[in-house]
Amino acid sequence: MSHIKTIGLGTISGTIANMVALAAGIITVPLLVRALGTDAYGLLGVVSSLVGFVGMADLGLTSTIMNAISYAKARDDHSAISRLYSGGLLLYMPLMLFLIGLAALVVYAPWFSLEKLLNIPPVFEEVAQLAILVMLAYTMMNAFWGGVVKAVYHGVNEVVVYNAIQTTYNVAFALAFIAYLLWGHVTVLGVALMQGGGAVVRLIIQHVIARVRYRWLSFVLSTESVHAVRPLLKYSAVLFFATAATAILERSDNIVIAHFLGLATVAVYSLAYKLFYLPSAMLPIVTASAP
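Now the structure itself:
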């Protein structure tokens, strides 16, 4: 397949995947607001923004793993790809456990007040604490482990396959989520748990398909795998500032709005943001390019 054709197919499939995800989000917003109310929906948006800052802990490592995998693929060094894949998964495990433990200590600390930080009613504070931990867990799983799996697909230049998995999952999850919103007992924690469950299912599907397509790919539980990834940190650290700046720009708005204007305003802002963000997701040319 030519380079131009690869980029074209990647662009089209990436556009479809993004459009499906955004369309599903726009469709479910009115249902969420109706089921939860504006304050509870605003709380979901604020918590999502808050835990989104965990993306900074990636340090750009998943991008450097993808580049390293593409170099290994060019050499047909499948064992190196397996070590990079395994090392990424292993390296992120202690980081995820540490961040979840730290978050639990902070949100339940007597000196820390979510009510004051996020300007939320006292009745929401307990559910907000639980929602933060649940959403933090699956956000890290998506960003870290999901990022490593994505690096494999992109590194071996099968962006179209990855996008097809994303699109299929987004459609299936959207239908299940809409059914839950229409006929289920909808709560803030219930929404967080369903999203978390969906994230686990998606990650399992991505792993299984990768292992089936790439028979040479294996998980190697060894220090050698971790050592294969560690040298990449000196390159990925350069990306930290760009990652941090992006996280601040994309995640701080809901928190600031909630603090000064309240959760109901966050709900209105979130809907407007989804609508106006739609055009910018239509041409993911950069992510479609072959490494």
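Here the sequence shown is numbered in our numbering, starting from 270 and rising by one per residue. Ideal placement from N, C-alpha and C gives every residue a C-beta, glycine not left out. Predicted model, so just to flag it, every value in this text is computed and none were measured.
query, result
"Inter-residue Cα distance where the pair is S355 and A527", "40 Å"
"Buried/exposed call for Y310, threshold 16 Cβ in 10 Å", "buried"
"Alpha-carbon to alpha-carbon, M463 and A533", "23 Å"
"Where V392 falls, given that 16 or more other Cβ within 10 Å makes a residue buried", "exposed"
"Closest by C-alpha distance to S348, when choosing among K503, V535, S487, D522", "S487"
"Beta-carbon proximity check, R520 vs S318, cutoff 8 Å", "yes"
"Spatial neighbours of F322 in its chain, beta-carbon cut-off 6 Å, leaving aside the 5 residues before and after", "A516, R520"
"Secondary structure of W380, DSSP reduced to three states", "coil"
"Residue ranges of each beta strand (DSSP E) within the stretch 456 to 501, 3 or longer", "none"
"Distance CB(P363)-CB(D308) smaller than 8 Å", "no"
"Member of Y438, L540, Q475, I369 whose CA lies at the smallest distance from the CA of V418", "Q475"
"Local conformation of I252 per DSSP, three classes", "Because the chain is modelled from 270 through 560, residue 252 falls outside the range shown and cannot be assessed."
"Delimiting residues of the alpha helix (DSSP H) encompassing D308", "307 to 321"
"Beta carbon of L472 nearer than 8 Å to that of A397", "no"
"M335 and A420 closer than 8 Å at C-beta", "yes"
"Test item: CB-CB of L450 and A337 under 8 Å", "no"
"As assigned by DSSP and simplified to three states, the class of G416", "helix"
"Alpha helix (DSSP H) segment containing N336, residue limits", "330 to 343"
"Span of the alpha helix (DSSP H) around N432", "428 to 452"
"Which listed residue (G459, T437, V469, G357) has its alpha carbon closest to that of T408", "V469"
"Inter-residue Cα distance where the pair is W452 and K385", "34 Å"
"Residue span of the alpha helix (DSSP H) that contains V396, given as start and end", "394 to 409"
"Helix, strand or coil at V425 according to DSSP, with G and I counted as helix", "coil"
"Rounded Cβ spacing between L458 and A400 (contact assumed at less than 8 Å)", "6 Å"
"F367 beta carbon less than 8 Å from that of V375", "no"
"Local conformation of D346 per DSSP, three classes", "coil"
"Short Cβ contact (8 Å threshold) for G314 with S494", "no"
"Beta-carbon separation (whole angstroms), V216 vs A448, contact threshold 8 Å", "Outside the modelled stretch of the chain, which goes from 270 to 560, sits residue 216, for which no answer is possible."
"A541 to R484 span [Cα, whole Å]", "45 Å"
"G531 in three-state terms, based on DSSP", "coil"
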